[in-house]
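This report refers to the structure that appears directly beneath it.
Rendered as C-alpha cells:
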C-alpha cells in the first residue's frame, strides 16, 4: 500500500513540475513575442570565430604592431 | 619439469572446475560468450546500436573467456585460495577501501571503473555530450503536448515501483528498477548507484542492454501496438509560426537548470551536465561544441560500452535477482509507450500515436525509430519535430522522477 501511495505521489509531483516547466516556457515565449518581437526574427547567435578568422585577426594585430614600431 | 595441462591453459581449467562445482555458472559463461558474439554481429549489421554493442559484445565474450584461478587480494599475504577465480580486468563487488587500492594496482580496468563508472562520472559526461546534441527548440515550440507525452511515457517508471516492491524488492531497489522504464541509461546508472549499490551492476547492465535493443526492438513493438493506418497519420509540418532563437533556448536552459538544481540538489550533477551541454550548443562556442559532442561523448560511450561488457561476467550476472530485473525492466518499457494513444484520443484522432514511443527518453534513438516507422507506413508524414520535443521532455521528466526517488529514499 505504501509503495502505491509513493508512486501516485511521485507521479503527481512530476506532473506538477513538468507542467510548471511548460508554463515557464510558454510565458517566456509570450513575453518575448510581446515585448521584443524583433528578437523573434533574429538569426541564431553567431558561432565563435572560425580558425581562419582568428588567424586573420592575429595577422592584422601583428601588422599593426609592426607598423607602430616603425 | 612438472607442468599440468590445466595449469598452463587456465581458462580451460577454470571452465572444467566450474562445471564440476557450479554447472549453472559454467553454462551461463558459455552462453554469455555466444551472446557477446551475437551482440557484435547485430551491432555490425546496424540492427542494434553499434556504438554500444561492439565494445559491449567483445567485453562480454572476453571477460567470460578469461576467468582464471586468481586471488589478488590475498596474493601478497601468501594466503591465496587455490580455487578462487578472478580476472585481470576488474572486480565490481569490492567495496573495502584497502582492497580497492590493491585491486587498482593489479586489475587494469579497476581505476577506470572506480573513478568513472562507480562514481557516476561517465553518466555525467554522457549527459554533457547528449545535451550538446539536443535542440530544445522542439520542446519550446510545443511545451504542453511534449510534456504530456513524456509524462504518459513515465507511467512504466511509476507503476513498476509497487510491482517490484510486491515481488520482494526494497523500496530503494524498486525505485532503481522502475527507472529502467525511463530508458535513460545515465539516469539509471546514477539512481541505482545512489539507492542500490548491491544491485547497481545488474540493474545498469539490464538497462543498457534494453537501450541497445531499443533501436532494433522498438519498431516491432510499435507495429505490434499500433495498426498501419494510424502509423501513417500525417502531422502538420510547421512549428506553428514560432521561430525559436538560440538566445531563447539558452535562456530556457539556464532557468530550467537552476530551478531543477534548486528543487533537487541530489540530482544536480546530472541536471547540470545535461544543461551544460545544451548551453554550449546554444551559446555557439564551436570549439567546446566539437569537444563535447565528439571527443567527450564518444570517449564516454566507448568507456561505458567496454565496462558494461566486462561487467557481464557470469558470476556477477547470474544472481537470482537478475531474472525479475529483466522482466520488470521490460514491463516498465512496455507501459511507457501508451502516451501517443492518449494524445490520439484527446485530439480526436489528429495525433499520430507513434510519437508516444518517443516520450521514452532514449535520446535521440526513439525519435529516430518513430520517424522511421511512420515513414515506412506513409513516406510523406514527418513527425520528427514532434518526436524530438517529446524525447527531450522525456529526459527532463525522467530527471525529475530520478531526483524525487533519490530525495525520497537516499537517507532511508
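Residue numbers (this note's numbering), protein chains in the order written: chain X, 7 to 76; chain Y, 31 to 442.
Just so you know, even glycine gets a beta-carbon here, dropped at the ideal spot from N, CA and C.
Measure the alpha-carbon distance for residue 102(Y) versus residue 133(Y) and round it to whole angstroms. As a first step, residue 102(Y) must be located in the second chain, where it is residue number 72. As a first step, residue 133(Y) must be located in the second chain, where it is residue number 103. Each residue's Cα considered, the two are about 7 Å apart.
I'd like to know if residue 25(X) contacts chain Y, where contact means its C-beta is closer than 8 Å to some C-beta of that chain. Counting from 1 along the first chain, the entry for residue 25(X) is found at position 19. By this cut-off, residue 25(X) is an interface position.
Taking 8 Å as the threshold (C-beta atoms), are residue 364(Y) and residue 148(Y) in contact? Numbered from its first residue, the second chain carries residue 148(Y) at position 118. Numbered from its first residue, the second chain carries residue 364(Y) at position 334. Cβ distance not < 8 Å, so residue 148(Y) and residue 364(Y) don't count as in contact.
Where does residue 66(Y) fall in DSSP's three states? As a position in the second chain, residue 66(Y) is number 36, starting the count at 1. Residue 66(Y): helix per DSSP, three-state reduction.
Note down, in chain order, every chain X residue with its Cβ under 9 Å from the Cβ of residue 51(Y). Counted from its first residue, the second chain places residue 51(Y) at position 21. Correct list: empty, because the minimum Cβ distance to chain X is about 39 Å.
With distances taken between CB atoms, is the gap from residue 50(Y) to residue 245(Y) smaller than 8 Å? Position 20 of the second chain holds residue 50(Y). Position 215 of the second chain holds residue 245(Y). Not closer than 8 Å, so no.
What does residue 99(Y) pair with, by DSSP beta-bridge criteria? As a working note, residue 99(Y) is residue 69 in the second chain. DSSP, once it has assigned bridges, lists 115(Y) as partnering residue 99(Y).
On a CA-only basis, which of 183(Y), 306(Y), 182(Y) and 233(Y) is nearest residue 202(Y)? Give me that one, please. Here residue 202(Y) corresponds to residue number 172 of the second chain, with the count starting at 1. With distances taken between Cα atoms, residue 202(Y) lies closest to 233(Y).
Quick check: the Cα distance between residue 257(Y) and residue 241(Y), rounded to an integer number of angstroms? Residue 257(Y) sits at position 227 when you count from the first residue of the second chain. Residue 241(Y) sits at position 211 when you count from the first residue of the second chain. Those two C-alpha atoms are separated by around 24 Å.
With 16 other CB atoms within 10 Å as the buried threshold, where does residue 124(Y) fall? Locating residue 124(Y) in the second chain gives position 94, where the first residue counts as 1. Residue 124(Y) comes out buried.
Using the Cα positions of residue 356(Y) and residue 39(X), report the straight-line distance between them to the nearest angstrom. For the purposes of this step, residue 356(Y) is taken as the residue at position 326 of the second chain. For the purposes of this step, residue 39(X) is taken as the residue at position 33 of the first chain. Looking at the two C-alpha atoms, the distance is approximately 48 Å.
Quick check on residue 8(X): buried or exposed, where buried means 16 or more other Cβ atoms within 10 Å of its Cβ? Taking the first chain and counting its residues from 1, the one referred to as residue 8(X) is at position 2. By the 10 Å Cβ count, residue 8(X) comes out exposed.
Using 8 Å as the threshold, is the C-beta distance between residue 137(Y) and residue 120(Y) below it? Translated into positions along the second chain, residue 137(Y) becomes position 107. Translated into positions along the second chain, residue 120(Y) becomes position 90. It is a contact, given that the beta carbons lie within the stated cut-off.
Indicate whether residue 265(Y) and residue 28(X) have their beta-carbon atoms separated by less than 8 Å. As a working mapping, residue 265(Y) is identified with position 235 in the second chain. As a working mapping, residue 28(X) is identified with position 22 in the first chain. Not a contact, by the Cβ cut-off of 8 Å.
Taking contact to mean 3 or more Cβ pairs, one atom from each stretch, closer than 8 Å, check whether the region 410 to 422 of chain Y and the region 271 to 285 of chain Y are in contact. no
For residue 188(Y), is the classification buried or exposed, using 16 other Cβ atoms within 10 angstroms of its Cβ as the cut-off for buried? Numbered from its first residue, the second chain carries residue 188(Y) at position 158. Result: buried.
Does any CB atom of chain Y fall closer than 8 Å to the CB of residue 20(X)? Here residue 20(X) is taken as the residue at index 14 of the first chain, counted from 1. With 8 Å as the cut-off, residue 20(X) counts as an interface residue toward chain Y.
Compare the Cα-Cα distances from residue 104(Y) to each of 93(Y), 116(Y) and 389(Y) and report the closest residue. Translated into positions along the second chain, residue 104(Y) becomes position 74. Measuring from the Cα of residue 104(Y), the nearest candidate turns out to be 116(Y).
Helix or strand or just coil, what does DSSP make of residue 104(Y)? Indexing the second chain from 1 puts residue 104(Y) at position 74. In this structure, residue 104(Y) counts as helix in the three-state DSSP scheme.
Go through its chain and collect everything with a Cβ distance to residue 97(Y)'s Cβ below 6 Å, but skip five positions before and after it. Numbered from its first residue, the second chain carries residue 97(Y) at position 67. Closer than 6 Å at Cβ, skipping near neighbours: 44, 115 and 117.
Of the residues 348(Y), 216(Y), 374(Y) and 139(Y), the one placed nearest residue 53(Y), counting alpha carbons only: For the purposes of this step, residue 53(Y) is taken as the residue at position 23 of the second chain. It is 348(Y).
So with Cβ pairs under 8 Å, would you call residue 180(Y) a contact of chain X? Position 150 of the second chain, counted from the first residue, corresponds to residue 180(Y). Output row for residue 180(Y): interface = yes.
If you follow the alpha helix (DSSP H) that residue 316(Y) is in, where does it begin and where does it stop? For the purposes of this step, residue 316(Y) is taken as the residue at position 286 of the second chain. That run of the alpha helix (DSSP H) goes 316 to 320.
Would you kindly check if the distance between the Cβ of residue 293(Y) and the Cβ of residue 429(Y) is under 8 Å? The residue labelled residue 429(Y) in the question sits at position 399 within the second chain. The residue labelled residue 293(Y) in the question sits at position 263 within the second chain. Contact: no.
Could you please give the first and the last residue of the uninterrupted alpha helix (DSSP H) stretch that includes residue 213(Y)? One-based indexing of the second chain puts residue 213(Y) at position 183. Premise fails: residue 213(Y) is in no alpha helix (DSSP H) and is neither H nor E.
Of all the options 440(Y), 411(Y) and 392(Y), which has the alpha carbon lying nearest to the alpha carbon of residue 426(Y)? Residue 426(Y) sits at position 396 when you count from the first residue of the second chain. Among 440(Y), 411(Y) and 392(Y), the Cα nearest to that of residue 426(Y) belongs to 392(Y).
Give me, in chain order, the residues of the same chain whose beta-carbon lies closer than 7 Å to that of residue 438(Y); leave out the 5 immediate sequence neighbours on both sides. Mapped onto the second chain, residue 438(Y) falls at position 408. Closer than 7 Å at the Cβ level, and outside the excluded window around residue 438(Y), lies no residue.
My output table needs one value for residue 42(X): the three-state DSSP class, helix, strand or coil. Locating residue 42(X) in the first chain gives position 36, counting from the first residue. Three-state DSSP puts residue 42(X) in coil, outside helix and strand.
By the 10 Å Cβ neighbour count, where 16 or more other Cβ atoms means buried, how is residue 319(Y) classified, buried or exposed? Here residue 319(Y) refers to the residue found at position 289 of the second chain. Residue 319(Y) should be labelled buried.
Exposure label - residue 48(X); buried when at least 16 CB within 10 Å: One-based indexing of the first chain puts residue 48(X) at position 42. For residue 48(X), the predicted structure reports a pLDDT of 48, less than 50, and the residue's modelled location is therefore unreliable. The matter cannot be settled from this model.
For residue 243(Y), which residues from the same chain have a beta carbon less than 8 Å from its beta carbon, with the 5 sequence-adjacent residues on both sides left out? Indexing the second chain from 1 puts residue 243(Y) at position 213. Cβ neighbours of residue 243(Y) beyond the five flanking positions: 78.
So is residue 220(Y) buried or exposed if we call it buried at 16+ other beta carbons inside 10 Å? Here residue 220(Y) is taken as the residue at index 190 of the second chain, counted from 1. When all chains shown are included, residue 220(Y) counts as buried.
Got a sec, what are the start and stop residues for the alpha helix (DSSP H) residue 161(Y) sits in? Here residue 161(Y) corresponds to residue number 131 of the second chain, with the count starting at 1. 151 to 161 is the span of the alpha helix (DSSP H), which, as asked, contains residue 161(Y).
CA-to-CA distance, residue 165(Y) to residue 298(Y), given in whole angstroms: Here residue 298(Y) refers to the residue found at position 268 of the second chain. Here residue 165(Y) refers to the residue found at position 135 of the second chain. One C-alpha to the other measures close to 21 Å.
Quick one: which chain X residues come within Cβ less than 7 Å of residue 298(Y)? To locate residue 298(Y), count along the second chain from 1; it is residue 268. Simply none; closest approach about 15 Å.
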